[in-house]
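Visitor:
Number of protein chains: 4
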Amino acid sequence: MTLVSEMLETYPADLGDIDRRKLADCIRECYACAQTCTACADACLSEDDVASLTKCVRSNLDCADICFATGQMLSRHTGYDANLTRAMLEACAMACKSCGDICAEHDHMAHCAKCAQECRSCEQACRELLNSLG
Amino acid sequence: MTLVSEMLETYPADLGDIDRRKLADCIRECYACAQTCTACADACLSEDDVASLTKCVRSNLDCADICFATGQMLSRHTGYDANLTRAMLEACAMACKSCGDICAEHDHMAHCAKCAQECRSCEQACRELLNSLG
Amino acid sequence: MTLVSEMLETYPADLGDIDRRKLADCIRECYACAQTCTACADACLSEDDVASLTKCVRSNLDCADICFATGQMLSRHTGYDANLTRAMLEACAMACKSCGDICAEHDHMAHCAKCAQECRSCEQACRELLNSLG
Amino acid sequence: MTLVSEMLETYPADLGDIDRRKLADCIRECYACAQTCTACADACLSEDDVASLTKCVRSNLDCADICFATGQMLSRHTGYDANLTRAMLEACAMACKSCGDICAEHDHMAHCAKCAQECRSCEQACRELLNSLG
Chain A
6 MTLVSEMLET
16 YPADLGDIDR
26 RKLADCIREC
36 YACAQTCTAC
46 ADACLSEDDV
56 ASLTKCVRSN
66 LDCADICFAT
76 GQMLSRHTGY
86 DANLTRAMLE
96 ACAMACKSCG
106 DICAEHDHMA
116 HCAKCAQECR
126 SCEQACRELL
136 NSLG
Chain B
6 MTLVSEMLET
16 YPADLGDIDR
26 RKLADCIREC
36 YACAQTCTAC
46 ADACLSEDDV
56 ASLTKCVRSN
66 LDCADICFAT
76 GQMLSRHTGY
86 DANLTRAMLE
96 ACAMACKSCG
106 DICAEHDHMA
116 HCAKCAQECR
126 SCEQACRELL
136 NSLG
Chain C
6 MTLVSEMLET
16 YPADLGDIDR
26 RKLADCIREC
36 YACAQTCTAC
46 ADACLSEDDV
56 ASLTKCVRSN
66 LDCADICFAT
76 GQMLSRHTGY
86 DANLTRAMLE
96 ACAMACKSCG
106 DICAEHDHMA
116 HCAKCAQECR
126 SCEQACRELL
136 NSLG
Chain D
6 MTLVSEMLET
16 YPADLGDIDR
26 RKLADCIREC
36 YACAQTCTAC
46 ADACLSEDDV
56 ASLTKCVRSN
66 LDCADICFAT
76 GQMLSRHTGY
86 DANLTRAMLE
96 ACAMACKSCG
106 DICAEHDHMA
116 HCAKCAQECR
126 SCEQACRELL
136 NSLG
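Residue numbers (the numbering used here), protein chains in the order written: chain A, 6 to 139; chain B, 6 to 139; chain C, 6 to 139; chain D, 6 to 139.
(1) Helix, strand or coil, according to DSSP, for Ser64 (chain D) in the structure here?
(2) Measure from the alpha carbon of Glu14 (chain B) to the alpha carbon of each residue in C:Asp22, C:Cys72, C:Cys120 and C:Ser103, then state which is nearest.
(3) For Val55 (chain C) and Asp86 (chain B), I'd like the C-alpha separation in whole angstroms.
(4) Can you tell me the Cα-Cα spacing of Tyr36 (chain D) and Glu123 (chain D), whole angstroms?
(5) Hey, could you find the ends of the alpha helix (DSSP H) Thr43 (chain C) is sitting in?
(6) Can you give, in chain order, each stretch of the alpha helix (DSSP H) that sits fully within the region 60-133 of chain B and has at least 4 residues?
(7) Output, in chain order, the set of chain C residues within a Cβ distance shorter than 8 Å of Ser51 (chain A).
(8) Going by Cα to Cα distance, which pick from C:Met93, C:Cys68 and C:Cys97 is closest to Ala96 (chain D)?
(9) Report buried or exposed for Thr75 (chain C), applying the criterion of at least 16 other Cβ atoms within 10 angstroms of its Cβ.
(10) Hey, out of A:Ser10, A:Arg33, A:Cys42 and A:Gly21, whose CA is closest to Asp106 (chain A)'s CA?
(11) Need the endpoints of the alpha helix (DSSP H) that Val55 (chain A) sits in, please.
(12) Using a Cβ-Cβ distance under 8 Å, would Asp47 (chain B) count as near chain D?
(13) Going by the C-beta, is Asp47 (chain C) closer than 7 Å to any heavy atom of the ligand FMN?
(14) For the alpha helix (DSSP H) holding Thr15 (chain C), just list the boundary residues, first then last.
(15) Where does Leu135 (chain D) fall in DSSP's three states?
(16) I'd like to know if the region 59-67 of chain C and the region 44-61 of chain A are in contact, where contact means that at least 3 CB-CB pairs between them fall below 8 Å.
(17) Is there a Cβ of chain D sitting closer than 8 Å to that of Arg33 (chain C), yes or no?
(18) Measure the C-alpha to C-alpha separation of Cys38 (chain B) and Cys72 (chain B) and round it to an integer number of angstroms.
(19) Rounded to the nearest angstrom, what separates Cys101 (chain C) and Ala109 (chain C) at their Cα positions?
(20) From the beta carbon of Met12 (chain C), is the nearest beta carbon of chain B less than 8 Å away?
(21) Roughly how many angstroms separate the alpha carbons of Lys27 (chain A) and Leu58 (chain D), rounded to a whole number?
(22) Does Ala130 (chain A) get closer than 8 Å to chain C when you measure Cβ to Cβ?
(23) Just the chain B side, please: which residues come within less than 7 Å of Glu95 (chain A) by C-beta, in chain order?
(24) Is it true that the CB of Cys117 (chain D) sits closer than 8 Å to the CB of Cys68 (chain D)?
(25) In whole angstroms, give me the CA-to-CA distance for Leu138 (chain C) and Glu128 (chain C).
(26) Can you have a look at Thr83 (chain B) and say buried or exposed, based on whether 16 or more other CB atoms are within 10 angstroms of its CB?
(27) Should Thr7 (chain B) be labelled buried (16 or more other beta-carbon atoms within 10 Å of its own) or exposed?
(28) Is Leu3 (chain D) buried or exposed, if buried means 16 or more other CB atoms sit within 10 Å of its CB?
(29) Cα separation between Met114 (chain A) and Met12 (chain D)?
(30) Residues of chain C with CB closer than 9 Å to the CB of Leu1 (chain D), please, in chain order.
(31) Could you name the residues of chain A that Lys119 (chain D) contacts, counting a contact when the two beta carbons are closer than 7 Å?
(32) Have a look at D:Asp53, D:Ser51, D:Gln77 and D:Asp19 and flag the residue whose alpha-carbon is nearest the alpha-carbon of Val9 (chain D).
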């Protein structure tokens, strides 16, 4: 069991009927995607052809900020706000979709290929958690 | 003219037909609300009656994270993504509404009264920018 | 009186003998510098000559992250940790010095000129607060 | 091989003579510690005895902000600044030491016990990377 799941198990109050596996997966993906997008933005900056990658860098930066904010919010359970959780999961899935699409356009660069893949994973984890919220 | 507006004026490419005053106002409010919510969460922690304020702290922390991510995104113009901007402005307005409502419930504490006020300002700035995006 | 100072005045417990004006100035500068550096990084991405600005973008991104973390920490007063405050103020002053120097190298671009100026202001505010901590 | 290490391998320019294993470990620990501290702060808020845990919450929040900023900085390699890297690693190790000590004081709560452990891991990873930088 990973650290995210372990911390979830230590929460002293009621977590409600949220799907814990999907929640833990989504938290993990949010932090992983924030790191991957930050690294991809920087890798793009070191490409000779950086001038053709500026939209990719920008998309990476947005996605990192939104994934981090979403991961933070999902790590909190006290005073849970279902509507806000849904709105952020929608925004996060959208950021991941957008960044994943842009990175996939130039997946001949290994960092963009990896990043596209991670964005897809995070988007899917957000959508699965969203769907499970009912 | 403030620093946020000044930086907006230095952007070397086309900003499109976005309302610059509303954009600058919204950016300013997002950072101000992030700071205010962070300070309010901490002030709640120092109240004797912190046990009755835990939902407020949590709401402050979410609102700070979301306002910061939104402020960061709005500070970027390269490769503008209108749908993602709208989704984050909606989430941010919702976070501010929620946090403002909770803080307003105990506005006998000066930090919550101020924070409720700032959350209303930021919510309004998000909604005005949203409406101007068409 | 600004919002940052107003929130400081609402803190319900003892702030100790910290210089409140210098603390409020430094908090304000940290958030302002985070925003300015984020905007400067994005403006660099939209310059034709972005390939010569990649170190500037990276420095802007680091400076924004560190200024934000410092601003957040300075907005909290509960359980104040003087040594950690000093270490972060040192790191933040260093990030601002470094980013200000890099931006100043190409201050023919208005965003870098403004950003260099804001980095100097934030560096100075960090150093003045540091010196006042004794 | 984990995603952090995989992204490190895709960096298109020279990483210099940095110890890649220690760098990847430290990046991983920074994001993991940010998540764990965010979750621990929230778990503290849901304890009946939250009034005795306010310093712990504050320390968790600082540690999360600093770990995240450090993880972001370490994920960038373009225009590497050794002095700034050292200063942030020192601040991060100090934040982790401080938060780990406070959490360890009440490790009868499972979230604080886990969090103390993760803070120790992150502190050690920061120190090992620091020492390897020469």
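The C-beta atom is built at its ideal place from N, Cα and C for all residues, glycine as well. Quantities reported herein were computed from a predicted structural model and do not represent experimental measurements.
Guide: On the basis of the supplied data:
(1) helix
(2) C:Cys120
(3) 21 Å
(4) 11 Å
(5) Arg25 to Leu50
(6) 87-110
(7) Thr59
(8) C:Met93
(9) buried
(10) A:Cys42
(11) Run containing Val55 (chain A): none; DSSP gives neither H nor E here.
(12) yes
(13) In the structure on display, the ligand FMN does not appear, and there are no ligands present to speak of.
(14) Leu8 to Thr15
(15) helix
(16) yes
(17) no
(18) 7 Å
(19) 12 Å
(20) yes
(21) 29 Å
(22) no
(23) Ala92
(24) no
(25) 16 Å
(26) buried
(27) exposed
(28) The structure shown does not extend to residue 3 (chain D), since chain D is modelled only from 6 through 139, so no value can be given for it.
(29) 11 Å
(30) Any question about residue 1 (chain D) goes unanswered here, given that chain D covers just 6 to 139.
(31) Glu11, Met12 and Thr15
(32) D:Gln77
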